[in-house]
Amino acid sequence: MQMKKLITLACSAAIAGLSGTASAQISGDTVKIGVLTDLSGTYSDLAGSGAVLATQMAIDDFIAEAKPSFKVEMVSADHQNKADIASNKAREWFEREGVDAATELVTTSTALAVMKIAKEMNKIALMSGPASTPITNEQCNDVSVHYTYDTYALANGTAKAVTKQGGKTWFFLTADYAFGQALEKDSSAVVVANGGKVLGSVRHPFPASDFSSFLLQAQASGAQIIGLANAGADTTNAIKQASEFGITPKQSLAGLLMFITDVHSLGLKSTQGMYLTTGFYWDLNDATRAWSKRFFDKQKRMPSMVQAGQYSSVLHYLRAVKAAGTDDTAKVMAQMKKTPINDFFAKNGKIRDDGRMIHDMYLVQVKKPEESKYPWDYYHVRQTIPAAEAFQPLSESRCPLIKK
Amino acid sequence: MEIFGVPSALLGSQLLVGLINGSFYAILSLGLAIIFGLLNIINFAHGAQYMMGAFVAWIALTKFGVNYWVALLLAPIVIGALGVLLERTMLCKLYKLDHLYGLLLTFGLALIFEGVFRDQYGISGQSYPVPALLEGGVNLGFMYLPIYRGWIVVAALTVCFGTWFMIEKTKLGAYLRAGTENPQMVQALGINVPLLITFTYGYGVALAAFAGVLAAPVYQVNPLMGSNLIIVVFAVVVIGGMGSIMGAIVTGLGLGLIEGLTRVFYPEGSAVVVFIIMVIVLLVRPAGLFGKS
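So the sequences go chain by chain: P and E.
No gaps in the numbering here: position 9 of the first sequence is 36 in the working numbering, and each next residue is one more.
No gaps in the numbering here: position 253 of the second sequence is 520 in the working numbering, and each next residue is one more.
Put into structure tokens, the structure is as follows:
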């Protein structure tokens with residue numbers, strides 16, 4: 028009996044000792060970052076293993092610059108673009124593995140699911156991959172940051188520029204799910220606001236491989252511009268088949284969400300002259316080139332805006348943890364919102380109360396094959412859209428956190 | 268002129284596009300039907316083999332400068348040989364077991380093939396140019412038809428009916444059909460049935476690879492291109508009647524046309540129309556339109 032008491036005592040002492048360290052400001056003396064992304068599906072080139080690499084680069088750079096007293100670890104998992112897999116994994120990470128922040132979260136449906144879990148468990152969600160505006164509107168919360176871009180910024184960049192340059196009549200080819208519909212809705216509003224007219228739209232199943240029927244309907248509409256409110260393989264297949272059917276160059280295509288990986292995959296011959304909006308281009312300046320070259324050496328591809336945004340968001344998070352001296356969610360969020368973001372990705376970027384990170388966006392035009400001088404030399408930067416204009420103004424916000 | 272509120276020119280062009288897609292369905296479902304007819308194997312790797320056919324063409328062009336026409340022959344031979352290897356080493360062990368085992372094995376293989384190509388080439392896909400001879404298009408009055416799309420129909424139908432002729436009208440075909448009905452008896456008559464079976468699987472797979480090369484200039488060559496298509500093709504085979512050669516060809520073309528029409532009148536439904544037809548056919552004629560119950 029005596030012995031048993033002694034053991035109990037020893038155990039309690041040990042536990043007390045443990046909780047002694049835990050009451051230090053960083054739980055477990057470790058900051059753990061989870062990268063939850065598409066490692067195998069449609070979006071695995073633009074996010075995927077490149078996003079995992081970007082996260083590791085951010086951790087390495089942070090440790091080198093800040094020499095923190097705590098450890099930083101990373102875990103990663105494939106959510107397969109499915110909301111249920113994403114939320115199960117996030118819950119497991121938060122509950123059992125001591126993950127402090129779930130990051131990347133490409134595909135809107137997975138992002139919305141994980142945001143809810145993060146709020147419930149009082150952890151952080153950093154989203155560099157997903158696109159839809161509900162993330163910072165109807166579904167917004169105070170533990171989430173939407174970092175790289177959104178459908179509002181895309182529409183506001185591409186649709187506005189194309190309409191202003193004389194593309195007055197539009198026909199949309201829309202992926203038949205939440206993201207495609209949001210993109211079509213945001214873009215139609217911009218077209219109409221700039222004096223254009225929407226002649227119609229056709230909703231195609233997601234994913235689809237043959238677009239000829241839909242393209243012929245777009246052709247028959249006689250619209251000057253065919254807006255592609257889809258992404259990934261749907262966009263690339265539609266562009267390829269449009270030139271096959273002689274639709275381009277008589278009518279023009281506007282890719283409302285295109286990544287550099289899409290342009291790379293299609294080649295300049297079939298994408299030349301297209302306008303697109305991006306949050307990042309590797310060849311903007313010396314700082315972007317230097318970072319992208321490091322990325323390229325490991326990944327053998329130039330980074331997409333999602334991957335660059337992933338690096339920036341993780342680094343910003345880690346710096347905030349260090350500055351706040353804690354990994355407590357509320358304090359880190361406050362620190363992140365208070366500190367402007369200045370790195371190769373963003374100049375004076377700022378996280379608003381609705382969770383939207385606002386920074387300059389770029390309207391670019393794809394080069395002609397003969398204008399491209401070296402590998403991955405794909406874009407003319409036509410316009411820098413200042414942060415204040417690029418994103419949805421707070422006055423239009425539908426986020427309950429924004430008091431008006 | 269308008270038909271149900273749709274301009275007839277648009278309707279005509281959609282029917283033609285439907286016929287083009289139907290050609291792909293026909294050639295893929297034909298391969299599946301042949302394999303099922305003789306081997307009793309539900310070949311779930313068919314989509315992956317179609318994808319690999321396209322990749323062989325792309326690799327041959329970019330790495331070795333081998334042109335489209337050679338690839339059209341080369342890819343079916345390479346992938347067909349791979350099929351023969353699979354049949355000899357793995358599938359041959361499953362003939363006595365339930366269908367389910369063959370399905371699981373080929374499904375697993377499909378996942379492995381797709382995984383390997385995804386790891387090597389990523390997901391965004393590769394561009395394969397239309398061969399110079401078939402570039403451009405002709406104006407048919409109601410639509411602009413790319414010459415290459417016309418070629419798809421010609422090539423696919425030639426191969427389909429050639430295959431039908433071989434199976435239904437030649438001596439080799441007679442052996443094949445006899446082997447399907449009663450393998451022991453045919454074996455007893457001195458015909459090498461295992462060799463016949465290996466050849467058949469190789470040929471079915473080669474058809475998939477051929478379709479892959481045909482598809483390469485039209486779609487992005489990407490590791491998942493087969494898995495998007497294969498489920499529809501299975502539905503086509505079920506509607507036509509498992510194992511029926513002519514059933515697979517006719518149903519493939521017919522469903523292409525119906526899908527084309529759905530895309531005009533109710534585009535949102537175009538992904539499911541084939542399955543709705545499948546349900547109806549299974550209720551009314553469980554053996555399929557051309558199947559023998």
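In this text, a Cβ means the ideal position worked out from N, Cα and C, and glycines have one as well.
- Cβ contact annotation for N149 of chain P (same chain, cutoff 6 Å, sequence separation greater than five): T356, in chain order.
- Under the DSSP assignment, N406 of chain E falls in the beta strand (DSSP E) whose first and last residues are G404 to N406.
- Within chain E, the residues G392, Q487 and N489 have their CB atoms less than 7 Å from the CB of A260 of chain P, given in chain order.
- Interface criterion met: the Cβ of V284 of chain E is under 8 Å from a Cβ in chain P.
- For the pair L400 of chain E and W418 of chain E, the Cα-to-Cα distance works out to about 11 Å.
- Taking the Cα positions, E402 of chain E is about 57 Å away from V58 of chain P.
- The C-beta of R385 of chain E has 16 or more other C-beta atoms within 10 Å across all chains shown, which makes the residue buried.
- When C-beta atoms of the region 403-419 of chain P are compared with those of the region 276-292 of chain P, three or more pairs fall below 8 Å, so the two segments count as touching.
- Here K187 of chain P is buried. Its C-beta has 16 or more other C-beta atoms within 10 Å.
- The three-state secondary structure of T275 of chain P, taken from DSSP, is coil.
- With fewer than 16 neighbouring CB atoms inside 10 Å of its own CB, Y401 of chain P falls in the exposed class.
- In the assembly as shown, Q393 of chain E is a buried residue. Its beta-carbon has 16 or more other beta-carbons within 10 Å.
- Beta-carbon to beta-carbon, G519 of chain E and V503 of chain E are separated by about 5 Å, close enough to satisfy the 8 Å threshold.
- Boundaries of the beta strand (DSSP E) around M101 of chain P: K98 to D105.
- No Cβ-Cβ contact shorter than 8 Å links L63 of chain P with K325 of chain P.
- For the alpha helix (DSSP H) assignment, the uninterrupted runs of no fewer than 4 residues enclosed by the region 355-402 of chain E are, from N- to C-terminal side, 366-388.
- For the alpha helix (DSSP H) assignment, the uninterrupted runs of no fewer than 4 residues enclosed by the region 174-206 of chain P are, from N- to C-terminal side, 178-181 and 187-191.
- Neighbours of A538 of chain E in chain P, taken as residues at a C-beta separation under 9 Å, are given in chain order as D203, H231, P232, F233 and A235.
- Assignment of G376 of chain P by DSSP, reduced to helix, strand and coil, places it in the strand class.
- For H231 of chain P, the enclosing beta strand (DSSP E) begins and ends at K224 to H231.
- Across the region 490-512 of chain E, CB contacts with chain P closer than 8 Å involve L491, M492, N495 and L496, in sequence order along the chain.
- If you draw a straight line from the Cα of N288 of chain E to the Cα of I378 of chain P, it comes to about 48 Å.
- Using a Cβ distance threshold of 8 Å, S240 of chain P and F206 of chain P do not count as a contacting pair.
- S279 of chain P and Q362 of chain P have their alpha carbons spaced roughly 45 Å apart.
- Ranked by how close their Cα comes to the Cα of I302 of chain E, the residues E:A422, E:Y470, E:L282 and E:G389 have E:Y470 in first place.
- Against chain P, the CB of M357 of chain E has no partner CB under 8 Å away; the residue lies outside that interface.
- Rounded to whole angstroms, the Cβ separation of T262 of chain P and S391 of chain E is 10 Å, and the two are not in contact under 8 Å.
- Within the region 246-272 of chain P, the residues whose Cβ lies closer than 9 Å to some Cβ of chain E are Q246, A247, G259, A260, T263, N264, K267, Q268, E271 and F272, listed in chain order.
- Between A482 of chain E and A321 of chain E, the gap from beta carbon to beta carbon is short of 8 Å.
- Residue pairing for T304 of chain P: DSSP places it in a beta bridge opposite P:L390.
- Counting along the chain, the unbroken beta strand (DSSP E) around E131 of chain P starts and ends at A128 to E131.
- Beta-bridge partners assigned by DSSP to Q410 of chain P: P:L390.
- Taken through DSSP and simplified to helix, strand or coil, Y411 of chain E comes out as strand.
- Collapsing the DSSP output to three states places I429 of chain P in coil.
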